[in-house]
Amino acid sequence: MLKRRTRSKSPIAEINVVPYIDVMLVLLVIFMITAPILTQGVTVDLPKAESQAVKTTDREPIIVSVNSTGEYFLNVDANPEMPIAPENLMVRVAAELALAKESGQSVNVLVKGDQGVPYGRVVLAMSALKQAGAEQVGLVTDSMALEEQQTVVEAQ
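Residues -12 to 143 in the working numbering are what the sequence shown spells out, letter by letter.
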């Protein structure tokens, strides 16, 4: 009698990666959609001026925003959309600067003042930052359009 060889019906040991790829693509799409929504900060109508770009540092810059009603906001705070009192602003910035100094990193300190805010409110923010230990404080502006630059040059 001839023996017939029978194939064993054992399962094939292969990993199916198609569902994994599907999940990764869905996550990629979700992150691409939500990333622009997650920008932190307060909408401020910045004044326009000619300026040079700030040198980048290792850490995210500390940005104090002053909105049109004169309220202060801090981008490194737990809730950057909530106003912060000037005395708390100084304490929080001092703590952030101490952390940066402790880790040996430099950090830029910037002020974004709304175009319609009284000048004194921006000066108060800059003064609080200096008292907190910021060595240099920069002002954030929008770049002027070419036509506006020519108008400013002609006016001078």
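Cβ coordinates follow ideal geometry from the N, Cα and C atoms, glycine included.
For Asp129, tell me which candidate among Gln118, Gln123, Gly100, Glu68 has the shortest Cα-Cα distance. Gly100
Does the Cβ-Cβ distance between Val98 and Val63 come in under 8 Å? no
Give every residue of the same chain whose Cβ lies closer than 8 Å to the Cβ of Leu111, excluding the five residues on either side of it in the sequence, and list them in chain order. Pro73
Residue ranges of each alpha helix (DSSP H) within the segment 44 to 115, 4 or longer: 73 to 89
Ala142 in three-state terms, based on DSSP: Annotation note: pLDDT 46 at Ala142 (below 50); position unreliable, coordinate value reported separately. DSSP places Ala142 in helix when its eight states are reduced to three.
Which residues mark the beginning and the end of the beta strand (DSSP E) in which Val124 is found? 124 to 126
Considering just the uninterrupted stretch of the alpha helix (DSSP H) at Pro(-2), what are its terminal residues? Looking at the DSSP string, Pro(-2) is not in any alpha helix (DSSP H), and its letter there is neither H nor E.
Can you round the beta-carbon distance between Ile71 and Phe60 to whole angstroms, since I take them to be within the 8 Å contact cut? 6 Å
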